[in-house]
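Novice: In the numbering used here, the protein residues as written are 298 to 676. We treat Cβ as the ideally placed atom computed from N, Cα and C, and that holds for glycine. Note that the structure is a prediction, hence the values are computed from the model and not measured.
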Amino acid sequence: MTIRKIRVGILFGGRSGEHEVSLTSAQGIMRAIDKDKYDVVPIGITKEGRWMVGGDPMQALRAAADMPPVLASIADEEPESLQTVLVPLEPGPSALTTAEAALEVDVIFPVLHGPHGEDGTVQGLLELAGLPYVGAGVTASAVGMDKAIAKDVFRTHGLPVLPYQVVLRVAWEADPARVVTLCEAALRYPMFTKPANLGSSVGVSRANNRGELTAGLDEAARFDRKLIVEQGIEAREIEVSVLGNDDPIASVPGEIIPSRDFYSYAAKYIDDASDLLIPAPVSEEQTEQIRELAVKAYAAIDCAGMARVDFLMDRSTDGIWLNELNTIPGFTPISMYPKLWEATGISYTELIDRLIQLALERYKDVGRSATMFDVSTAT
């Protein structure tokens, strides 16, 4: 008797500054997934927001080719009249058959880093479609993506977070001098400026003085309407991978030795000179503290499936500070998330399998909740 394989839709690309990172992560997953257990359905999203199925979306996105969309984002030329609609694939027997076959999936594995993928938007679409999917739900995705809100939640849960200021782009553009004065009153140099809703260190700058703070806020404002200015410290960068739904577990911690002043986009993806120390050279007590904090941060935002939790360890005091939580971390074979699990005893292929099973388990659990209410029984 032949057992039908589980059809996994790998969703990648997207309208994000992390588009290229997404392609690399998805490619790693498609190569390593257990082919005896799963059939892969690649689903690509262009930088313009067009969804592509059938053929080879990965190759098309790599080549920036223009393929017929299954769902297209249509916008007028004037930003004031921006309108987005979902458009079905144009009629045609062969095209329609291909699209229908490609969209028959049992579970979706979103590998969309950054906005329009890691922020709860795609998760909401999949919830409406009634599809199981890997990773955090709508709430955890949205909170994890917004660094300002995440820090508020972590602080409320008693987790150690460095001081920070939240700045709206409109306020920065209206009165830069006032914003700089407020930041200097609340924080000391060095400071870090960041877009609130972005990852892979895109738009992140270190400011050692007022001129650099101004330049950093200008850079962050290119990418988001909400900006964060964080207190900088001389720190070691420690990361932990978390896996699970209601009973999550944490990997061994790893340490990043960046090739630049901090773990910038260039240090991550261009220089190829940063070192990863796995496991991190920290004491057993520090290891357990970091793993415990990672699980607490994961639970604080009701995360599911996976996350990478990033910490800063003060070089002078060994104090441990929670930096941020990434609900769809880099997933290439050499990314920190799978490498940490490999060092903990879970291979890359097994990790993919566990994540898909966790998605199906969570979908089944959520499905037990009542969605209808008999008003005749109301008291």
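Taking the beta carbon of residue 355 as the centre, do at least 16 other beta carbons fall within 10 Å, making it buried, or is it exposed?
Specialist: Taking the first residue of the sequence shown as 1, we reach residue 355 at position 58. Classification of residue 355: buried, given that the 10 Å Cβ count is 16 or more.
Novice: CB-CB under 7 Å to residue 370, same chain, minus the five flanking residues each way: which ones, in chain order?
Specialist: As a first step, residue 370 is located in the sequence shown; it is residue number 73 there, counting from the start. Bear in mind that a pLDDT of 34 at residue 370, under 50, signals an unreliable position, so the number given afterwards is only what the model happens to contain. Taken in chain order, the residues that qualify are 345, 346, 347, 381.
Novice: For the beta strand (DSSP E) that contains residue 407, what are its first and last residues?
Specialist: Indexing the sequence shown from 1 puts residue 407 at position 110. First-last of the beta strand (DSSP E) with residue 407: 404-408.
Novice: In three-state terms, what does DSSP make of residue 486?
Specialist: The count along the sequence shown starts at 1 and reaches residue 486 at position 189. Three-state result, residue 486: coil.
Novice: Please classify residue 612 as buried or exposed, where buried requires at least 16 other C-beta atoms within 10 Å of its C-beta.
Specialist: Stepping through the sequence shown from its first residue, residue 612 is reached at position 315. Exposed.
Novice: Can you check the region 491-579 for any beta strand (DSSP E) of at least 3 residues that lies completely inside it and give the ranges in chain order?
Specialist: 502-504, 523-528, 532-541, 551-554, 572-574
Novice: For residue 423, I'd like the list of residues in its chain whose CB is within less than 7 Å of its CB, leaving aside the five on either flank, ordered along the chain.
Specialist: Within the sequence shown, residue 423 is the residue found at index 126, counting from 1. Result list for residue 423: 405, 430, in chain order.
Novice: Over what stretch of residues does the beta strand (DSSP E) that includes residue 634 continue unbroken?
Specialist: For the purposes of this step, residue 634 is taken as the residue at position 337 of the sequence shown. Note, residue 634: premise wrong, no beta strand (DSSP E); alpha helix (DSSP H) at 633-641.
Novice: Would the beta-carbon of residue 410 fall within 8 Å of that of residue 551?
Specialist: Within the sequence shown, residue 410 is the residue found at index 113, counting from 1. Within the sequence shown, residue 551 is the residue found at index 254, counting from 1. Cβ atoms of residue 410 and residue 551: not closer than 8 Å.
Novice: Indicate whether at least one CB of chain B lies closer than 8 Å to the CB of residue 554.
Specialist: Of the protein chains in the structure, only one exists, and it is not chain B.
Novice: For residue 608, which of helix, strand or coil comes out of DSSP?
Specialist: The sequence position of residue 608 within the sequence shown is 311, counting from 1. If DSSP states are grouped into helix, strand and coil, residue 608 belongs with the strands.
Novice: Let me check understanding here. Comparing Cα to Cα, which of 334, 329, 323 lies closest to residue 341?
Specialist: Looking up residue 341 in the sequence shown gives position 44. With distances taken between Cα atoms, residue 341 lies closest to 323.
Novice: DSSP beta-bridge partners for residue 602?
Specialist: Position 305 of the sequence shown holds residue 602. Paired residues: 541.
Novice: Considering only their Cβ atoms, is the gap separating residue 504 from residue 490 smaller than 8 Å?
Specialist: Looking up residue 490 in the sequence shown gives position 193. Looking up residue 504 in the sequence shown gives position 207. Yes, these two residues count as a Cβ contact at 8 Å.
Novice: Write down every uninterrupted run of the alpha helix (DSSP H) in the region 305-364 whose length is 4 residues or greater and which is fully enclosed by it, in chain order.
Specialist: 316-329, 354-359
Novice: Does the ligand GTP have even one heavy atom less than 7 Å from the beta-carbon of residue 324?
Specialist: Of the ligands one can find in the structure shown there are none, so the ligand GTP has no counterpart to examine.
Novice: Roughly how far, in whole angstroms, is the beta-carbon of residue 303 from the beta-carbon of residue 408, given that I think they are within contact range, below 8 Å?
Specialist: Here residue 303 corresponds to residue number 6 of the sequence shown, with the count starting at 1. Here residue 408 corresponds to residue number 111 of the sequence shown, with the count starting at 1. That belief does not hold up - the Cβ atoms of residue 303 and residue 408 are roughly 17 Å apart, past 8 Å.
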